[in-house]
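Numbering (our numbering), first residue to last: 83 to 439. Ideal Cβ placement from N, Cα and C applies to all residues, glycine included. Since we're looking at a predicted model, the values are computed, not measured.
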């Protein structure tokens, strides 16, 4: 009962902070202005990240018994502060990257969380040894920015994080990390109440901004490393890849695409998977449902592989194959786009999609 009360309290606190912070954001210019690559029609307060952070803080204080909670919040604080400044004034990509690296280094040295063993993705035991810190930084930055990049339409980053964390909760049901996972799920629900694409929430509409997306990415990294490096290896590294498959595919695809075009990998564009689907004629809502369905499918594959003890090497090879298909679909390979388009429309040809796709 205490757990349920704490989670409900956390959800309510998150929503209340959104309601309180919205007028402050409108008055101070902490809003996302329509135009350019944006798809919304009116200035929207960017307070979701702050509200989720505060919800976690008060929920965590009430719940207690969360390992290294203070360290987690301190690392998250840096990302929230820098993210809010970026949401308001648009900081250079290098500044954001430095802040993210500092947060990850704090996690590594203050909480002793780093990737040292990643299972057998190449069919033999892979120990990172002296490369552990560098590899942890690389993976962490990839995941943090993956959630930042995928935050392109209402509900996408929050919904994707919700799926990832839900499967982490299933796999870590008896872990000490479960309380933090449940708190994160509660604040995400609170945020989605005010962000999901629906006509009923327009008066309380908000975005999470870079502060929120990087906070969620950092949270997933923290939990993923904690669970994969535990003595019982609760969520193996390869299984973790499946839980964040779609965001990771998107950040890798985006980086490679920009490099191939001779552009900075940090320069934003409108060629992400959600952009591709919308150009194919999908509505924003169907684009959201499609990508969330793919995220759910990927997480299910990871869960099934874990339950049936499929070798890491096979799971990793399958993950790479799916990544190549994703890359080709986003890149515009006509055959792949056609096949993916048919498959997605067939998967989503329910009552909901008949009038939208």
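Pick from the options that is closest to residue i, judged by C-alpha positions
i           : options               : result
residue 413 : 276, 213 and 338      : 338
residue 277 : 410, 130 and 92       : 130
residue 300 : 103, 95 and 153       : 153
residue 404 : 394, 380, 387 and 189 : 380
residue 227 : 181, 150 and 214      : 181
residue 186 : 366, 159, 91 and 241  : 159
residue 252 : 325, 177 and 407      : 325
residue 219 : 184, 192, 199 and 202 : 184
residue 199 : 284, 318 and 342      : 318
residue 149 : 352, 313, 261 and 296 : 261
residue 203 : 384, 353, 320 and 364 : 320
residue 351 : 167, 233 and 384      : 233
residue 94  : 366, 402, 265 and 385 : 265
residue 388 : 125, 197 and 201      : 201
residue 402 : 355, 334, 385 and 284 : 334
residue 193 : 157, 116, 90 and 213  : 157
residue 285 : 105, 409 and 163      : 105
residue 91  : 397, 296, 272 and 294 : 272
residue 449 : 143, 115, 162 and 116 : As displayed, the chain neither begins before 83 nor continues past 439, which places residue 449 out of reach and without an answer.
residue 231 : 287, 397 and 293      : 293
residue 116 : 222, 313, 179 and 289 : 289
Status (buried if at least 16 other CB within 10 Å, exposed otherwise) for residue i
i           : result
residue 207 : exposed
residue 87  : exposed
residue 250 : buried
residue 336 : buried
residue 84  : exposed
residue 382 : exposed
residue 26  : With the chain covering only 83 through 439, there is no way to say anything about residue 26.
residue 191 : exposed
residue 146 : exposed
residue 342 : exposed
residue 176 : exposed
residue 345 : exposed
residue 110 : exposed
residue 406 : exposed
residue 390 : exposed
residue 282 : exposed
residue 96  : buried
Same chain only: Cβ atoms within 6 angstroms of residue i, ignoring 5 sequence neighbours per side
i           : result
residue 170 : 112
residue 358 : 412
residue 205 : 395
residue 367 : 279
residue 384 : 321, 324 and 325
residue 188 : 157
residue 408 : 331
residue 217 : 197 and 210
Cutoff 7 angstroms: residue i Cβ touching any chain B Cβ
i           : result
residue 344 : Among the chains in the structure shown there is no chain B, since it carries only a single protein chain.
Residue i, DSSP secondary structure in three states
i           : result
residue 127 : strand
residue 185 : helix
residue 113 : strand
residue 209 : strand
residue 133 : helix
residue 199 : strand
residue 440 : In the structure as shown, the chain starts at 83 and stops at 439, and residue 440 therefore has no counterpart that could be examined.
residue 260 : helix
residue 348 : coil
residue 288 : coil
residue 172 : coil
residue 354 : coil
residue 391 : coil
residue 329 : helix
residue 322 : helix
residue 230 : helix
residue 90  : helix
residue 277 : coil
residue 403 : helix
residue 295 : helix
residue 376 : helix
residue 340 : helix
residue 148 : coil
Contact set for residue i: own chain, Cβ-Cβ below 7 angstroms, skip 5 residues either direction
i           : result
residue 308 : 195 and 259
residue 349 : 340
residue 243 : 229, 270, 298 and 302
residue 248 : 267
residue 135 : 158, 162 and 297
Contacting residues, own chain, Cβ-Cβ under 8 angstroms from residue i (five flanking each side not counted)
i           : result
residue 139 : 155
residue 263 : 247, 250, 251, 254 and 305
residue 108 : 125 and 127
residue 451 : Nothing about residue 451 can be read from this structure; the chain reaches only from 83 to 439.
residue 151 : 142 and 262
Check: residue i C-beta below 6 angstroms from any heavy atom of the ligand SAH
i           : result
residue 347 : As presented, the structure is devoid of all ligands, the ligand SAH included, so that no description of it is given.
Item to check | Three or more C-beta pairs below 8 angstroms linking the stretch 324-338 and the stretch 208-218 | outcome: no
Checklist entry - Do the stretch 232-243 and the stretch 368-379 meet, that is, are 3 or more Cβ pairs less than 8 angstroms apart? => result yes
Checklist entry - With contact counted as at least three CB pairs below 8 angstroms, one residue from each stretch, are the stretch 99-110 and the stretch 273-289 in contact? => result yes
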